[in-house]
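Trainee:
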Amino acid sequence: MPIFLARLLARISTWWTPVLVLAVVFATSWPLMTLAEPGADITSPGNFWWWFVVTTSTVGYGDLFPKSPLGHAVGVYVIVGGIAALTTLFTRLATRIERTRGRRMHGSITVRLSGHIVLLGYSPGRTETMVDELRADGTKVVVCAWDEVQSHPMPEKDVEFVRGDLADEKTLVRAGVDRAHSVLVDARDDNEALAVALTADHVITTAHLVVALRDLARVRQVRYVGEKVRCVQWHTPHMITEELKDPGISEIYAQLMTHGGADTYSVPLAVGPVTVEHCQTVLGRHHGATLLAARDGATLLVNPPWQTELRAGTVLYYMGSARLDAARLAVSLGAPASR
1 MPIFLARLLA
11 RISTWWTPVL
21 VLAVVFATSW
31 PLMTLAEPGA
41 DITSPGNFWW
51 WFVVTTSTVG
61 YGDLFPKSPL
71 GHAVGVYVIV
81 GGIAALTTLF
91 TRLATRIERT
101 RGRRMHGSIT
111 VRLSGHIVLL
121 GYSPGRTETM
131 VDELRADGTK
141 VVVCAWDEVQ
151 SHPMPEKDVE
161 FVRGDLADEK
171 TLVRAGVDRA
181 HSVLVDARDD
191 NEALAVALTA
201 DHVITTAHLV
211 VALRDLARVR
221 QVRYVGEKVR
231 CVQWHTPHMI
241 TEELKDPGIS
251 EIYAQLMTHG
261 GADTYSVPLA
271 VGPVTVEHCQ
281 TVLGRHHGAT
291 LLAARDGATL
301 LVNPPWQTEL
311 RAGTVLYYMG
321 SARLDAARLA
331 VSLGAPASR
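Under full-length UniProt numbering, the residue at position 85 of the sequence shown is numbered 85, and the numbers go up by one with no gaps.
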């Protein structure tokens, strides 16, 4: 009977129905209990509300209870009303949770985040790798995919999922592109990337827009979308994630790999031992260079601590405008540092 009544109420109820049911049961059970057991302690205002709460919640402490057959009948009435109200409430909560989970799994939600990173496009395996790199430092990520991706591709990860037409403004707004920190266009081909980038640029307010291209010759066409759009080689997902987290870093990498820019070189250390601090100071003051790493045999130290001592034969990797020979560097290292 309580289950049947709860299901009936669930079909016609709102969130206020359980409250109304309890209010009606309370308002009617009190005078009924007064008639059933006149003068009993359970009917006093200070006791009845406590007995009502304990009974409807099915806790049943037993400190107050009716003693007459009519009082027992009123007690059954209160118990049935409490079970029906609580079952209705829990049913509605379960339904709401399941509906929300279903919308999340099918990508029909509207993201409420801000300052997050949006990935426009999904490629199995590739997208998971980028998400793991982005999530490593706690960055919030939204994956926005075409309708062909039927359900959340990575539900076990703390990642929001939006599904729809990536060339439609409404889909991008649901993904929070207008409030994002960075947006990646990772389309299925470069023509599609241009179309999605055009829509994203229209929706974006302050976000950094990155477009992954298979053919970097298309950069000129992407520039028509916006001068600040950053194009990155599609086959370098690690560089893509770094550009998303730290806008402009891909340009630095490009300069390091371009002849005539700030090139990277290596030189063996002809003297030693010397500290990294001394090497860094001499390279900076005398040669306008920056020490990046040092290799001693099989040990490679990237951005080594300044207190580290480097022995003769260690290979130094540095960034500078010109190549240094070992003899010239040795002279510089042997000279006292100027103040």
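We treat Cβ as the ideally placed atom computed from N, Cα and C, and that holds for glycine.
1) Take every Cβ of the region 265-282, pair it with every Cβ of the region 324-336, and state whether three or more of those distances are shorter than 8 Å.
2) Shortest alpha-carbon distance to Ser57 belongs to which of Thr43, Thr87, Pro69 and Val267?
3) Verify whether the separation of the beta carbon atoms of Thr264 and Tyr317 is less than 8 Å.
4) So for Thr290, helix, strand or coil by DSSP?
5) Would you say the region 302-312 touches the region 239-255, given that touching needs at least three Cβ pairs under 8 Å?
6) Rounded to a whole number of angstroms, what is the C-alpha to C-alpha distance between residue 340 and Thr95?
7) Is it buried or exposed for Tyr224, if we count other Cβ within 10 angstroms and need 16 for buried?
8) By Cβ distance, which residues of its chain are closer than 6 Å to Thr110, with the 5 residues on each side in sequence left out?
9) When the Cα atoms are used, what is the spatial distance from Ser68 to Leu20?
10) Any idea if Val59 is buried or exposed, counting beta-carbon neighbours within 10 angstroms, 16 or more meaning buried?
11) Below 8 Å on the Cβ atoms is my guess for Gly121 versus Asp186; work out the distance and round it to an integer in Å.
12) Would you tell me roughly how many angstroms separate the C-alpha atoms of Gly297 and Pro273, rounded to the nearest one?
13) Mind checking Arg220: buried by the 16 CB within 10 Å criterion, or exposed?
14) Need the endpoints of the beta strand (DSSP E) that Arg230 sits in, please.
15) Quick one: grab the DSSP three-state call for Leu324.
16) Between the region 229-241 and the region 207-219, do at least 3 Cβ pairs fall closer than 8 Å?
17) Ignoring anything shorter than 3 residues or poking outside the UniProt domain "RCK N-terminal" (127-224), list the beta strand (DSSP E) runs there in chain order.
18) Quick check: what's the CA-CA separation for Val229 versus Gly125?
19) Let me know the alpha helix (DSSP H) ranges lying completely inside the UniProt domain "Potassium channel" (21-98), each 4 residues or longer, listed in chain order.
20) With distance defined between alpha-carbon atoms, name the residue in Val203, Glu192, His152 and Thr199 nearest to Gly176.
21) Less than 8 Å between the beta carbons of residue 380 and Val162, yes or no?
22) Could you tell me how far apart the beta carbons of Asp201 and Gly226 are, in whole angstroms, since I believe they sit closer than 8 Å?
23) Note down the Cα distance separating His181 from Leu209, rounded to an integer number of angstroms.
24) If we call anything under 8 Å between Cβ atoms a contact, is Thr241 one with Met130?
Mentor: In brief:
1) Verdict: yes, contact present.
2) When only C-alpha atoms are compared, the closest one is Thr87.
3) Yes. Within cutoff.
4) Reduced to three states, the DSSP call for Thr290 is strand.
5) By the C-beta criterion, the region 302-312 is judged not to be in contact with the region 239-255, since fewer than 3 inter-stretch pairs fall below 8 Å.
6) Residue numbering for the chain in the displayed model covers 1 to 339; residue 340 lies beyond these limits and cannot be assessed.
7) Around the beta-carbon of Tyr224, fewer than 16 other beta-carbon atoms lie within 10 Å, marking it exposed.
8) Once the five neighbours on either side are set aside, the close Cβ partners of Thr110 are Arg174.
9) Each residue's alpha carbon lies about 28 Å from the other.
10) Here Val59 is exposed. Its C-beta has fewer than 16 other C-beta atoms within 10 Å.
11) 4 Å between Cβ atoms; contact.
12) Looking at the two C-alpha atoms, the distance is approximately 15 Å.
13) Counting other Cβ atoms within 10 Å of its Cβ, Arg220 stays below 16 and is therefore classed as exposed.
14) Taken as a continuous stretch (DSSP letters only), the beta strand (DSSP E) holding Arg230 covers Arg230 to Gln233.
15) Three-state result, Leu324: coil.
16) In short, these stretches touch, since the Cβ pair count reaches three.
17) Qualifying beta strand (DSSP E) stretches, in chain order: 141-145, 160-163, 182-185 and 208-213.
18) For Val229 and Gly125, the gap between their C-alpha atoms comes out near 25 Å.
19) Look at the UniProt domain "Potassium channel" (21-98) and you find these whole runs of alpha helix (DSSP H), each 4 residues long or longer: 45-56.
20) Checking every option, the nearest Cα to that of Gly176 belongs to Val203.
21) Shown here, the chain extends from 1 to 339; a query on residue 380 therefore has no answer.
22) About 5 Å separates the beta carbons of Asp201 and Gly226, which is inside the 8 Å limit, making them a contact pair.
23) Their backbone Cα atoms lie some 9 Å apart in a straight line.
24) The beta carbons of Thr241 and Met130 sit closer together than 8 Å.
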